[in-house]
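This report concerns only the one structure given below.
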Amino acid sequence: MPRVIPVTSLDDPRLAVFRNLKDRDLKSRHGRFIAEGEFVVRRLLRSSFQTESLLLSQNKCDEIAA
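Counting from 219, one number per residue, gives the positions in the sequence shown under my numbering.
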């Protein structure tokens with residue numbers, strides 16, 4: 219089970235990695251990609267791709283974990 223780390227402030231330094239993130243930069247430099255939307259995230263979690271991190275609201279986190 220993945221570890222859930224709650225974020226209570228937009229100033230949380232752990233969010234820095236998500237600021238100004240561009241999908242094209244991830245693909246060209248790191249072979250990574252961004253998945254957005256509930257349907258796509260659910261498919262990603264069922265796929266063979268390794269998930270590095272998810273940024274979710276508490277409600278969505280609870281729904282996906284169920």
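Heads up, the beta-carbon is just placed ideally off N, CA and C, and yes, glycines get one too.
Assignment of Lys-245 by DSSP, reduced to helix, strand and coil, places it in the helix class. Asp-230 sits in coil when the DSSP states are folded into three classes, being neither helix nor strand. CA-to-CA, the gap between Asp-241 and Glu-254 works out to about 11 Å. Between the alpha carbons of His-248 and Glu-270 lies a gap of roughly 12 Å. Assigned with DSSP and collapsed to three states, Val-225 falls in coil, not helix or strand.
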